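Participant:
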Amino acid sequence: MGGIFMRFTIPRDIYFGRGAIESLKELKGTRAVIVTGGSSMQNSGFMDKGKKILGEGGFETFLLEGIEPDPDIKTVMKGAAFMLKHEPDVIVVIGGGSAIDAAKAMWIFYEHPEMTFEAFKSPFTLPALRKKAIFAAIPSTSGTASEVTAFSVITDYEPKIKYPLADYQLTPDMAIIDPDLADTMPKELVAHTGMDALTHAIEAYTATASSEFSDPLALHSIKRIFGNLVMSYEGKKEAAEKMHYAQCMAGMAFSNALLGIAHSLAHKTGAALGIPHGLANAIYLPYVIRFNANKEAATYKQNGIYSGRSKYAEIATHIGVLEEDQAVLTRKLIERIESMNRALHIPASLREAGIDKMEFQSLADSIAENAATDPCTASNPRHADKEDLRKLLRCIYEGSVVDF
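This note's numbering puts the first residue of the sequence shown at 2, with every later residue one more than the last.
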């Protein structure tokens, strides 16, 4: 007799700890393409170290560098052509989330050069990968967790839309979580990526596809982030190390539980308004929680029955808020997030972030329409249509109360 079952997918191997980049020696093969972003990994010496370890393992290496933030489809196609030329059996990414996301999309076209971008924009429709290469990722930032997820976000700059690609085929084979690389992040990036990680964890915990397997990872990540992000921002290395692990746990949670409308809006406003992804999530998260909590949507669902216990209240309790009333717990969770945003010098609204009002008004409808069809919207705990998202965007721009 059949039943209802779910899937939980993470990389086969996760190496972690300071100096974990040495685990590249565990890879087997003969040709490796190394993908990276700007010059930080070169300047810090980690690129040379990675090439040296691979070389000692018998690899011939080919460097593909210069991946921009919010990678474009054109960048992806050029990278795929580079891979087709050099025919790697291992793809290694050393860098931030943009580099990892771009490399994942390149991997698709390397394995299937006959495909078009349009063919795999629908979630979970990819053909099998790994016929030519396996994939290893070493993140240099503490936020996107692309090194452990089934997702990649690629930007089409013609219509100014970010497309989240989703398929378990995109989950890397190896993730190396080495905090030494994250020590290179500037303070602003620490803030933005850290709040991205918190949004991942909170949305994963409250998403409709959350489960017994994803919830513990999400909760532990949330507690670690509240306890360490501000100290990491202030330059404390032990806190930065804990943040690097916490963002990875959040990634494993949301890769399986999915996300919500903070991410839907961040995906669609990033390219349209030029807002960094982590910054957008940091601004949007308190407003989204208020929207969801207004309908008491984020509740436990066990065996198909809602228990009535607010998951936002559960988060607040888990981070040490001593209250009984669920509405008060949720309000205090929002206040904790807002307080952390202030400590990280993150604006409280799009207006405060410097977004031009005329530009916002001209784009708000199209952003709401595109966000309504984003895959993350379907797993938000409260149903949100285009009109809901348009009203929510207006509140986020003005910094006004979400009362609907």
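Every residue, glycine too, gets a C-beta built ideally from N, C-alpha and C.
Source: prediction; values computed, not measured.
1. Helix, strand or coil for Val91? Go by DSSP, reduced to three states.
2. List the DSSP bridge partners of Gly96.
3. Secondary structure at Ser40, three-state DSSP: helix, strand or coil?
4. Is the segment 227-238 touching the segment 116-135 in the sense that three or more CB pairs, one from each, lie closer than 8 Å?
5. Quick check on the burial criterion: 16 or more other C-beta atoms within 10 angstroms. Buried or exposed for Tyr158?
6. Could you tell me which of Ala379, Glu69 and Gly67 sits nearest to Leu259, measuring between CA atoms?
7. Below 8 Å CB to CB, which residues in the same chain sit around Ile54 once its five sequence neighbours on both sides are set aside?
8. Ends of the beta strand (DSSP E) at Met175?
9. With distance defined between alpha-carbon atoms, name the residue in Ser45, Ala146 and Met78 nearest to Ala247.
10. Return helix, strand or coil for Arg32, following the three-state DSSP convention.
11. Assign Ala82 to one of three DSSP states: helix, strand, or coil.
12. For Ser311, name the three-state secondary structure that DSSP assigns.
13. What are the residues that DSSP puts in a beta bridge with Glu61?
14. Classify Phe214 as helix, strand or coil using the three-state DSSP reduction.
15. Reducing DSSP to helix, strand and coil, say where Asp157 ends up.
16. Could you spell out the range, first to last residue, of the alpha helix (DSSP H) harbouring Lys269?
17. Which term fits Val323, buried or exposed, when burial requires 16 or more other beta carbons within 10 angstroms of its beta carbon?
18. Quick check: Leu220 and His319, are their CB atoms within less than 8 Å of each other?
19. List the endpoints of the continuous alpha helix (DSSP H) containing Lys238.
20. Below 8 Å, can you find three or more Cβ-Cβ pairs linking the segment 133-144 to the segment 91-99?
21. Is the number of C-beta pairs between the segment 349-366 and the segment 193-205 that are closer than 8 Å three or more?
22. Distance, Cα to Cα, Lys75 vs Pro160?
23. Can you tell which of Leu394, Phe361 and Met359 has the C-alpha that lies nearest to the C-alpha of Ala373?
24. Which residue's Cα is closest to the Cα of Pro376: His278, His201 and Pro124?
25. Select from Thr156, Ile35 and Asp49 the residue whose C-alpha is nearest the C-alpha of Asp71.
26. Select from Met116, Phe17 and Ala106 the residue whose C-alpha is nearest the C-alpha of Ser141.
27. Shortest alpha-carbon distance to Glu399 belongs to which of Ala365, Glu336 and Asp386?
28. With a threshold of 16 other CB atoms inside 10 Å of the CB of Gly321, please say whether the residue is buried or exposed.
29. Whole angstroms are fine: how far does the CA of Leu85 sit from the CA of Ala103?
30. Is it right to say Gln327 is buried, meaning 16 or more other beta carbons lie within 10 angstroms of its own, or is it exposed?
31. State yes or no: is the C-beta of Ala106 within less than 8 Å of the C-beta of Ser256?
32. Can you tell me the Cα-Cα spacing of Ile11 and Ala198, whole angstroms?
33. Return the CA-CA distance between Ser153 and Lys122, expressed in angstroms with no decimal places.
34. Run through DSSP, which three-state label would Pro287 get?
35. Check Leu166 in the structure and name its three-state DSSP category.
36. Check this for me: beta carbons of Met469 and Gly271, under 8 Å apart or not?
Facilitator: Result, derived from the coordinates:
1. strand
2. Pro140
3. coil
4. no
5. exposed
6. Ala379
7. Ile22, Glu23, Leu25 and Lys26
8. Met175 to Ile178
9. Ala146
10. strand
11. helix
12. strand
13. Arg32
14. coil
15. strand
16. Ile262 to Leu274
17. First, the residue type needs correcting, since residue 323 is Leu and not Val in the sequence shown. Answer is exposed; the Cβ neighbour count stays below 16.
18. yes
19. Lys238 to Ala258
20. yes
21. no
22. 14 Å
23. Leu394
24. Pro124
25. Thr156
26. Phe17
27. Ala365
28. exposed
29. 15 Å
30. buried
31. no
32. 17 Å
33. 11 Å
34. helix
35. strand
36. Absent from the structure is residue 469, since the part of the chain shown begins at 2 and ends at 405.
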